[in-house]
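Structure first, then comments.
2 protein chains.
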Amino acid sequence: MSIKKYTIGTPFVTDATVKEVKAENSIREYISVKENTIELTFPLSPDDIIYGLGEQLGGINKRGRKYRSFCSDDPCHTEDKEALYGAHNFFVLSGKDNFGIFIDFPGEIHWDMGFSKEDEISIVITGTDADIYEISGESEMEIVKEFRDLIGKSYLPPMWAFGYQQSRWSYPNKEQIDRIVKGYEDADIPLDTVYLDIDYMDNFKDFTVNEEAFPDFKEYVATLKKKGIRLIPIIDAGVKCEDGYDVYDEGVENNHFCKDRNGDDFKAAVWPGICCFPDYLKPESRKWFGDKFLTLTEKGIEGFWIDMNEPALFFSMERFKKAVDYVKKYNGEDLNCWDFFSYRDQFSNLSNNNEDYKNMHHLDGKVSHYDVHNLYGYMMMRGVSESLPKDSLLFSRASYIGSHRYGGIWTGDNTSWWSHILLNLRMLPSLNMCGFIYTGADCGGFNGNASRELVIRWMQLSVFTPLFRNHSAIGTRDQEAFAFSDSDEFKRVIQVRYRLIPYLYDLAKKCCDNNELMFKPLGFEYKDKLSKECDDQLLLGEEIMIAPIYEQNKSGRTVYLPEEMTFYKLSGNKVTHKEKLSQGIHYVDVALDEVPLFVRKGKTVPLCAPAKNVDSLDKTVTEYLEG
Amino acid sequence: MSIKKYTIGTPFVTDATVKEVKAENSIREYISVKENTIELTFPLSPDDIIYGLGEQLGGINKRGRKYRSFCSDDPCHTEDKEALYGAHNFFVLSGKDNFGIFIDFPGEIHWDMGFSKEDEISIVITGTDADIYEISGESEMEIVKEFRDLIGKSYLPPMWAFGYQQSRWSYPNKEQIDRIVKGYEDADIPLDTVYLDIDYMDNFKDFTVNEEAFPDFKEYVATLKKKGIRLIPIIDAGVKCEDGYDVYDEGVENNHFCKDRNGDDFKAAVWPGICCFPDYLKPESRKWFGDKFLTLTEKGIEGFWIDMNEPALFFSMERFKKAVDYVKKYNGEDLNCWDFFSYRDQFSNLSNNNEDYKNMHHLDGKVSHYDVHNLYGYMMMRGVSESLPKDSLLFSRASYIGSHRYGGIWTGDNTSWWSHILLNLRMLPSLNMCGFIYTGADCGGFNGNASRELVIRWMQLSVFTPLFRNHSAIGTRDQEAFAFSDSDEFKRVIQVRYRLIPYLYDLAKKCCDNNELMFKPLGFEYKDKLSKECDDQLLLGEEIMIAPIYEQNKSGRTVYLPEEMTFYKLSGNKVTHKEKLSQGIHYVDVALDEVPLFVRKGKTVPLCAPAKNVDSLDKTVTEYLEG
């Protein structure tokens, strides 16, 4: 077990790691330093498996695809996408050789993991300054633990954040939230939080609350709290440019905002319109912004989600005007289709464009944003975390390794697609490896319309993920647990979550304390071929194997047991099925109101009784599931 | 077994059916005629399965989703899309009740197949004139056969069209095609055709051949034919507006083009720029256009693919100018994000827009295109088919039930996604039910970059589909069978296809002659739950069950056998594995160079020896696979 560090050039200090590792005097043969890049090349043997890379598409085995480290606000998570919201530059190669690689570099990295050549990993770092860590160990788990020790202890939220949570873009006012709370009360379905998406604010201005929509916000927060329900507001990365808006005025006055190439405050538009962007890379600026959250904690708020911090940029006026000028030159002639595409793309290419990222500057103009892009969400979360009271809930959309110490992440704007249940499952172990323990996907899918069956099947996975939040986008079908027919079926699934909370919370805490994984690929513990290739089942802790149903119109699924296990189905407060199953492949039936799980031989899973929320949960064990 | 026909209003004559059925005197209770629509409502029992709907997303069971009949050029086939290129208004309900419904209506139809309400089918026909056929029968198969008898005998191409085919957008000149042919020759991989996508033409003008790219086209066609390779050119629906271009001039002169609302020729832009659109709904115009194909058959061409015939419309000048005027009004002020979205959408919403479809008119201005939209590709193929020599290859992108008598279809611009292998598989039985026997997907995926593993795994399905064509888009990675490392593995898979061709061709012919399905859901023959829910295996003819691998980084898969079968793996000219497997779930290993198939008990599959193309194929049986 060892960590070797190879420092090339003068890397930007990211604080991703917490342990001092002395750089080696020479670099390894797999690293080549080119004029503008650093490249890493590793051979791949036919049976080698690649684990890691955190929030990325693809299977649990990341082999055979290309990826890109560049925090991206891309709401369409199709199979071919190379980058999502996080940049998690750690992978484990498992096979003939076993080692881990962490590239501490805050800019763009291209990963070709056996795509262009089946027998080669080829990584291009778009810069000449980076720390590269090589971690060796006896097993995949040893490598991961060593890496996690290097990057420091993962964030754990308070236990109530393990309750069932309801969100939507948006519940814009008190009446809507009352309707949601009443919906859950009437259906007798547990609920711990309701989320406030962007519309609760006054014109999307951070730290404002629309007073018409929430006449006495502080009192309203207290009223809900009495019911055991916490309100969780969103805060976006950008600050609306509006004279007289205190956050903007202070930011300008105290030089807290990123600069453009001319040294003026950098401006681009997001939800509030034209915004400035706090320079979270400056300690005093991220503290200033973090302290602003106290205006909301003073009103009783105990948790936040922070968003748009890749940062997403819809457009800059500078580039929008160029697009308009381009269109204005149109002289009335008939167009060919390429000219047409070029007019069209003037506008469609404006968002999240590298030209804007290159014009944005940090540290009083000294550093181009493009070069440190992947730190922005991380440093925002760091500032917020350092200001918030201990035991606050905090999670972010954008992230880098290092941010796992300050909060959780959710996996962004997924879609109500069946394949996204599987994507959710496959991402969990990779995220855990990169330090993110408090994590989960938008259950039921954010974009698009969900069917009843999709939402309830998705819940059968989400009952196991630390963040269990139902969230959906504006204009889509209602997907709250009470919005469909026969809400009792939803209730019985969500109740299983509450029965598991003491177990899940203890497990998550252990994983944070001891650098363990909550979700492990089967291949981490079983070395047979089917386990190593298994892509739709996970080990949860030391006790459980999960195998949710992720296909439409199915009453069950096949599941592979690497050893004898006991198959349980839980529904509401009942165990509806218990069956010892032998090593091998089995077909199991799972009704919509059941949660399937497999307890490993000799292991025990404690259950408590369900409750209407975590505050009222009696953690006394009422039953054990024996393996 | 019976067919009942309910005629509402005065339906547009589509010629979808070939059998005279007398309309009933009264309509059924599930049909309601509203002011502007006709609506159909059916209850769904929990175990009911919905088959059919042809070229659509979703599972083999179409339940739990929404669909739209409206031929659509949409190149991004994500799970949520409601319409693709074809409009196939036939489904079979299987369960408590068993019946089939065919809606002969050429406009837009909305299908809610148990999505909004789990226990209800709700169909909205956007017009008040339609023929609705209700087909009853003892079994799903009986209903399908009855329906197929109603709509007439399916198209079957010549046997060489069952060979392996290579396409790309584009091989624009002789040199590129020579390179491809040589690539296959050098790798000793069989090949029957090479496709010409739009760039072979002179400025995308139908029936022209760029003379610089192909100095003596007729001779070149003959040269390739001597090698057993046929060139298959594309022809698009739109005709470039260019004075002096004979097709355009004739079309104008003889009133062959669709009109706009003012009675002028309707114009919109596609690849050639501004185009006119032959009115394929006029018999004389579709004959005129069909006869033009003879200018190419005279040069030795024996097959065509016809495209862009939904019709795709990139933009009309009228609406483009409106978008420009909108942008020109921009006054320099800072924008909010909604204003920005509205500028952006001015251009992104121009393509395939209903405003243009409503402005386009058929039959000398008498019929709005929007109302008969789904007939356009159908009537184009009909005209072409009626002009072409017998035994020509012909297939289309857009289609309606009825076009199955005139040619095949390919399933349009899919993507190099693993999930699209499964989509390809799931569509096959639905397409067969709607009459399309000669069909297949772009093997390896059209859009996006394919990995070696994806292409070869996809081929393991495509070896069974009548149309077996590797096709990919401009700007993507080369995906010819010789473009990857160790092309011998590709060769061994493609050779299996040639061994199967006599069997597959006979089967396809039988299916055309007897209104049978080439590909059947397991649930059509086996009535156990696992068969009825099986979504990733198919029955092929009476003899074979297929179960391809459709996931990355897998060395095999689980497969369900509804009864004892014999599992074979074929590779090149060899049977590499034969094993009797019992009823139940099995895991089977399949290497990249093997084709897995299961022969049903008591059945026999004949194989011949592989060949370099179909012309040189010796159809003598060399071996039987026994079940």
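So the protein lines, in turn, are chains F and R. The letter at position 107 of the first sequence is residue 107 when you use the numbering used here, and the numbering goes up by one with no holes. The letter at position 259 of the second sequence is residue 259 when you use the numbering used here, and the numbering goes up by one with no holes. Each residue gets a CB set at the ideal place from its N, CA and C atoms; glycine is no exception.
Contacting positions in the region 578-595 of chain F - beta carbon closer than 9 Å to chain B:
Among the protein chains of the structure shown, namely F and R, there is no chain B.
Would a C-beta distance cut-off of 8 Å place Asp80 of chain R and Glu310 of chain R closer than the cut-off?
Translated into positions along the second sequence, residue 80 of chain R becomes position 80. Translated into positions along the second sequence, residue 310 of chain R becomes position 310. No.
Using 8 Å as the limit for Cβ to Cβ distance, is Tyr330 of chain F near chain R?
By one-based count along the first sequence, residue 330 of chain F stands at place 330. It does; some Cβ of chain R falls within 8 Å.
Is Gly52 of chain R closer than 8 Å to Met459 of chain R when the C-beta atoms are compared?
Residue 459 of chain R sits at position 459 when you count from the first residue of the second sequence. Residue 52 of chain R sits at position 52 when you count from the first residue of the second sequence. No; because the gap between Cβ atoms is not below 8 Å, this pair is not in contact.
Residues bridged to Pro278 of chain R (per DSSP):
Taking the first residue of the second sequence as position 1, residue 278 of chain R is located at position 278. Bridge partners of Pro278 of chain R: R:Phe257.
Given a cut-off of 8 Å, decide if Trp418 of chain R and Leu454 of chain R are closer than it, judged by their beta-carbon atoms.
Locating residue 454 of chain R in the second sequence gives position 454, where the first residue counts as 1. Locating residue 418 of chain R in the second sequence gives position 418, where the first residue counts as 1. Yes, Cβ-Cβ distance for Leu454 of chain R and Trp418 of chain R is below 8 Å.
Of all Cβ atoms in chain R, is any one closer than 8 Å to the Cβ of Val270 of chain F?
Against the first sequence, residue 270 of chain F aligns to sequence position 270. At least one chain R Cβ lies under 8 Å of Val270 of chain F.
Assuming Ser170 of chain F and Asp199 of chain F make a contact with CB atoms under 8 Å, what is their CB distance in whole Å?
Start at 1 with the first residue of the first sequence, and residue 170 of chain F comes out as number 170. Start at 1 with the first residue of the first sequence, and residue 199 of chain F comes out as number 199. About 4 Å; that satisfies the 8 Å criterion.
Min CB distance Tyr343 of chain R to chain F below 8 Å
Along the second sequence, one-based indexing puts residue 343 of chain R at 343. At least one chain F Cβ lies under 8 Å of Tyr343 of chain R.
Can you give the Cα-Cα distance for Met1 of chain F and Glu480 of chain F, rounded to whole angstroms?
Residue numbering aside, residue 1 of chain F sits at position 1 when the first sequence is read from its first letter. Residue numbering aside, residue 480 of chain F sits at position 480 when the first sequence is read from its first letter. Using only the alpha carbons, I get a separation of about 48 Å.
In chain order, what residues of the same chain have a beta carbon less than 7 Å from the beta carbon of Gly584 of chain R, not counting five sequence neighbours either side?
For the purposes of this step, residue 584 of chain R is taken as residue 584 along the second sequence, with counting starting at 1. Closer than 7 Å at Cβ, skipping near neighbours: Leu561.
Should Pro466 of chain F and Ala398 of chain F be called a contact, given that it needs their Cβ atoms to be closer than 8 Å?
Reading the first sequence from its first residue, position 466 is the one you call residue 466 of chain F. Reading the first sequence from its first residue, position 398 is the one you call residue 398 of chain F. Not a contact, by the Cβ cut-off of 8 Å.
So who's on the other strand from Trp305 of chain R, going by DSSP bridges?
Here the question's residue 305 of chain R lines up with position 305 in the second sequence. Answer by DSSP bridge pairing, in chain order: R:Ile234, R:Phe395.
Apply the 10 Å Cβ neighbour rule to Trp338 of chain R and answer buried if 16 or more other Cβ atoms are within range, or exposed otherwise.
The sequence position of residue 338 of chain R within the second sequence is 338, counting from 1. Classification of Trp338 of chain R: exposed, given that the 10 Å Cβ count is below 16.
What first and last residue would you give for the alpha helix (DSSP H) that runs through Val575 of chain R?
One-based indexing of the second sequence puts residue 575 of chain R at position 575. Element bounds for Val575 of chain R: not the alpha helix (DSSP H) but the beta strand (DSSP E), 574-581.
Shortest alpha-carbon distance to Thr566 of chain R belongs to which of R:Asp206, R:Leu597, R:Lys292, R:Gln552?
To locate residue 566 of chain R, count along the second sequence from 1; it is residue 566. Thr566 of chain R has its Cα closest to that of R:Leu597, out of R:Asp206, R:Leu597, R:Lys292, R:Gln552.
At least one CB of chain F closer than 8 Å to the CB of Asp535 of chain R: is that the case?
Counting from one through the second sequence, the residue named residue 535 of chain R turns up at place 535. Closer than 8 Å: yes.
Helix or strand or just coil, what does DSSP make of Ile198 of chain F?
For the purposes of this step, residue 198 of chain F is taken as residue 198 along the first sequence, with counting starting at 1. Ile198 of chain F falls in the helix class under three-state DSSP.
Under three-state DSSP, which class holds Pro172 of chain F?
The count along the first sequence starts at 1 and reaches residue 172 of chain F at position 172. In this structure, Pro172 of chain F counts as coil in the three-state DSSP scheme.
Taking a contact to mean a Cβ-Cβ separation below 8 Å, would you say Pro106 of chain F touches Val372 of chain F in this structure?
Taking the first residue of the first sequence as 1, we reach residue 106 of chain F at position 106. Taking the first residue of the first sequence as 1, we reach residue 372 of chain F at position 372. Yes, they are a contact pair.
Measure the CB-CB distance between Val599 of chain R and Glu543 of chain R and report whether it falls below 8 Å.
Against the second sequence, residue 599 of chain R aligns to sequence position 599. Against the second sequence, residue 543 of chain R aligns to sequence position 543. Yes; because the gap between Cβ atoms is below 8 Å, this pair is in contact.
Report the neighbours of Glu118 of chain F on chain R: residues whose CB is nearer than 7 Å to its CB, in chain order.
For the purposes of this step, residue 118 of chain F is taken as the residue at position 118 of the first sequence. Neighbours of Glu118 of chain F on chain R, chain order: Arg452, Ser485.
Status (buried if at least 16 other CB within 10 Å, exposed otherwise) for Asp47 of chain R
By one-based count along the second sequence, residue 47 of chain R stands at place 47. It counts as exposed.
Which same chain residues, not among the five before or five after Leu224 of chain R, have their C-beta less than 8 Å away from its C-beta?
By 1-based counting over the second sequence, the position of residue 224 of chain R is 224. Once the five neighbours on either side are set aside, the close Cβ partners of Leu224 of chain R are Ile177, Val181, Val194, Arg230, Leu231.
Could you tell me the alpha carbon to alpha carbon distance between Asp413 of chain F and Gln495 of chain F, rounded to whole angstroms?
Here residue 413 of chain F corresponds to residue number 413 of the first sequence, with the count starting at 1. Here residue 495 of chain F corresponds to residue number 495 of the first sequence, with the count starting at 1. Approximately 26 Å between the Cα atoms of the pair.
Three-state class that DSSP yields for Gln552 of chain R in the structure shown:
As a first step, residue 552 of chain R must be located in the second sequence, where it is residue number 552. Reduced to three states, the DSSP call for Gln552 of chain R is coil.
Note the first and the last residue of the continuous beta strand (DSSP E) segment covering Met113 of chain R.
Against the second sequence, residue 113 of chain R aligns to sequence position 113. Note, Met113 of chain R: beta strand (DSSP E), 109-113.
Use the C-beta contact count for Asp236 of chain F: other C-beta atoms within 10 angstroms, 16 or more gives buried, fewer gives exposed.
Start at 1 with the first residue of the first sequence, and residue 236 of chain F comes out as number 236. Result: buried.
Would you call the CB atoms of Gly114 of chain F and Gly58 of chain F closer than 8 Å?
In the first sequence, counting from the first residue as 1, residue 114 of chain F sits at position 114. In the first sequence, counting from the first residue as 1, residue 58 of chain F sits at position 58. Not a contact, by the Cβ cut-off of 8 Å.
Give a yes or no on whether the minimum CB-CB distance between Lys554 of chain F and chain R is below 8 Å.
On the first sequence, position 554 is the one that residue 554 of chain F refers to. Yes, Lys554 of chain F lies at the interface with chain R (some Cβ there is under 8 Å from its Cβ).
Please report the straight-line C-alpha distance between Asp536 of chain R and Met518 of chain R, rounded to a whole angstrom.
By 1-based counting over the second sequence, the position of residue 536 of chain R is 536. By 1-based counting over the second sequence, the position of residue 518 of chain R is 518. Approximately 16 Å between the Cα atoms of the pair.
Report all residues from its chain with a CB closer than 7 Å to the CB of Cys241 of chain F; omit the five preceding and five following residues, and keep chain order.
Residue 241 of chain F sits at position 241 when you count from the first residue of the first sequence. Result list for Cys241 of chain F: Tyr248, Lys267, Ile274, Cys275, Cys276, in chain order.
Can at least three beta-carbon pairs, one atom from the region 123-132 of chain F and one from the region 93-113 of chain F, be found at a separation below 8 Å?
yes
Please list the residues of the region 472-500 of chain F that have a C-beta atom closer than 7 Å to any C-beta atom in chain R, keeping them in chain order.
Ser485
Which class does Tyr245 of chain R belong to by DSSP, given the choice of helix, strand or coil?
Locating residue 245 of chain R in the second sequence gives position 245, where the first residue counts as 1. Tyr245 of chain R: coil per DSSP, three-state reduction.
Using a Cβ-Cβ distance under 8 Å, would Trp111 of chain F count as near chain R?
Walking along the first sequence from the start, residue 111 of chain F turns up at place 111. Not closer than 8 Å to any Cβ of chain R, the Cβ of Trp111 of chain F fails to qualify, so no.
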